């Protein structure tokens with residue numbers, strides 16, 4: 274009986290090995306539909322994200338699923354990129370579905386990774402001030418330099434390793450999103466400003482700020498690739514910097530005989546509308562130019 278069992282197991286193993294390419298293909302073929310469905314969920318405002326997500330609140334448990342941590346997860350990076358993916362497909366045709374959806378899980382997971390493993394020192398290189406060309410610690414490694422670094426990595430890896438290429442592309446788009454956030458372009462770190470409170474508020478209201486079509490494709494055709502990346506970063510930083518005061522606005526309202534100092538949600542709304550939609554538009558353009566370079 275024991276010998277018979279061993280023979281059966283061995284036979285099954287041989288059969289599975291014989292058909293392993295088919296099994297691999299079947300699993301791979303499930304990615305595009307699954308990724309497309311989850312991107313639809315993300316853009317509709319559902320809480321799902323690719324991967325474990327990134328928490329708003331600091332945690333000592335780096336391997337813990339962020340969806341169950343105090344403060345919840347930051348959806349914004351994956352949301353902005355998901356909107357851009359759908360915008361690009363809507364504007365430029367279904368060929369981009371075939372280019373993006375098989376690898377979208379790596380792209381969207383990559384959008385969160387810099388907040389997990391590229392944080393030293395004190396998230397400084399997630400900032401880029403367009404007037405000093407430095408981060409808030411006055412260092413030369415900035416969100417702009419990291420955006421360009423990861424985008425070029427993605428371009429170089431695309432012919433031989435698409436999974437890593439799309440992960441690098443996601444990292445690049447994370448830094449581009451940071452550049453489009455007013456606190457990141459005005460050298461306003463979390464420990465002295467309303468940075469985290471504003472980003473949490475913007476995350477909760479993210480579905481109010483969504484584009485339906487791209488308007489910046491003309492940027493793609495006038496410059497070399499690296500010049501284009503520099504222009505994309507600088508235009509984004511200048512736009513978000515212009516809206517940095519509105520993102521930190523407070524208001525005073527009476528409460529009996531006492532004044533209450535409150536966050537000015539009306540000003541925050543104006544800032545978020547001007548920067549988040551701009552960011553989605555710019556990510557759409559960057560994705561379009563990236564594929565123009567690699568295919």
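In this note's numbering, the protein residues as written are 274 to 568. Note that beta-carbon positions come from the ideal geometry of N, C-alpha and C, so glycine has one too. Bear in mind that the values here come from a model prediction, so they are computed numbers and not experimental data.
Might you give, ordered along the chain, the residues of its own chain that have their beta carbon closer than 8 Å to the beta carbon of residue i, omitting 5 neighbours on each side?
{"i": "residue 542", "result": "478 and 481"}
{"i": "residue 563", "result": "424, 427, 428 and 442"}
{"i": "residue 433", "result": "none"}
Hey, how far is the Cα of residue i from the Cα of residue j?
{"i": "residue 473", "j": "residue 347", "result": "7 Å"}
{"i": "residue 406", "j": "residue 361", "result": "30 Å"}
{"i": "residue 305", "j": "residue 363", "result": "17 Å"}
{"i": "residue 327", "j": "residue 410", "result": "24 Å"}
{"i": "residue 317", "j": "residue 310", "result": "11 Å"}
{"i": "residue 412", "j": "residue 470", "result": "25 Å"}
{"i": "residue 374", "j": "residue 308", "result": "6 Å"}
{"i": "residue 445", "j": "residue 520", "result": "24 Å"}
{"i": "residue 421", "j": "residue 540", "result": "31 Å"}
{"i": "residue 419", "j": "residue 398", "result": "7 Å"}
{"i": "residue 494", "j": "residue 501", "result": "9 Å"}
{"i": "residue 415", "j": "residue 365", "result": "32 Å"}
{"i": "residue 568", "j": "residue 498", "result": "14 Å"}
{"i": "residue 268", "j": "residue 560", "result": "As shown, the chain starts at 274 and ends at 568. That puts residue 268 outside it, with no answer to give."}
{"i": "residue 401", "j": "residue 450", "result": "11 Å"}
{"i": "residue 325", "j": "residue 389", "result": "11 Å"}
{"i": "residue 538", "j": "residue 548", "result": "15 Å"}
{"i": "residue 565", "j": "residue 319", "result": "31 Å"}
{"i": "residue 476", "j": "residue 545", "result": "10 Å"}
{"i": "residue 505", "j": "residue 556", "result": "9 Å"}
{"i": "residue 513", "j": "residue 417", "result": "13 Å"}
{"i": "residue 393", "j": "residue 464", "result": "15 Å"}
{"i": "residue 391", "j": "residue 496", "result": "29 Å"}
{"i": "residue 604", "j": "residue 358", "result": "It is not possible to answer for residue 604, since the shown part of the chain is limited to 274 through 568."}
Output the boundary residues of the alpha helix (DSSP H) element that contains residue i.
{"i": "residue 445", "result": "435-452"}
{"i": "residue 348", "result": "Careful: residue 348 lies outside any alpha helix (DSSP H) and carries neither H nor E."}
{"i": "residue 569", "result": "Because the chain is modelled from 274 through 568, residue 569 falls outside the range shown and cannot be assessed."}
{"i": "residue 418", "result": "416-430"}
{"i": "residue 397", "result": "Segment: none, residue 397 is in no alpha helix (DSSP H) and carries neither H nor E."}
{"i": "residue 476", "result": "468-477"}
{"i": "residue 458", "result": "455-458"}
Report the three-state DSSP secondary structure of residue i (helix, strand or coil).
{"i": "residue 500", "result": "helix"}
{"i": "residue 367", "result": "coil"}
{"i": "residue 403", "result": "coil"}
{"i": "residue 328", "result": "strand"}
{"i": "residue 568", "result": "coil"}
{"i": "residue 410", "result": "coil"}
{"i": "residue 323", "result": "coil"}
{"i": "residue 390", "result": "helix"}
{"i": "residue 512", "result": "helix"}
{"i": "residue 378", "result": "helix"}
{"i": "residue 552", "result": "helix"}
{"i": "residue 463", "result": "coil"}
{"i": "residue 373", "result": "helix"}
{"i": "residue 486", "result": "coil"}
{"i": "residue 493", "result": "helix"}
{"i": "residue 385", "result": "coil"}
{"i": "residue 313", "result": "helix"}
{"i": "residue 507", "result": "helix"}
By Cβ distance, which residues of its chain are closer than 6 Å to residue i, with the 5 residues on each side in sequence left out?
{"i": "residue 314", "result": "321"}
{"i": "residue 550", "result": "482 and 484"}
{"i": "residue 492", "result": "558"}
{"i": "residue 387", "result": "444 and 447"}
Leaving out five residues before and five after residue i in sequence, what residues of the same chain have Cβ atoms less than 7 Å from its Cβ?
{"i": "residue 511", "result": "403"}
{"i": "residue 351", "result": "315, 322, 323, 381, 384 and 385"}
{"i": "residue 460", "result": "400, 402 and 409"}
{"i": "residue 468", "result": "456, 461 and 462"}
{"i": "residue 554", "result": "484, 487, 488 and 489"}
{"i": "residue 288", "result": "Summary for residue 288: the model assigns pLDDT 40, below 50, so the residue's position carries little reliability, and this model does not support an answer."}
{"i": "residue 356", "result": "316, 483, 484 and 553"}
{"i": "residue 274", "result": "With a pLDDT of 47 at residue 274, under the threshold of 50, the modelled position of that residue is not reliable, and the figure given next carries that caveat. So no residue of the chain qualifies."}
| query | Does the region 360-374 come close enough to the region 415-428 to have 3 or more Cβ pairs within less than 8 Å? | reply | no
| query | Within the chosen definition, does the region 436-453 reach the region 375-384 through at least 3 CB pairs nearer than 8 Å? | reply | yes
| message | Tell me whether the region 504-518 and the region 448-464 touch, counting them as touching only if at least three CB pairs, one residue from each stretch, are closer than 8 Å. | response | A contact is defined here as three or more CB-CB pairs under 8 Å, and the region 504-518 meets this definition with respect to the region 448-464.
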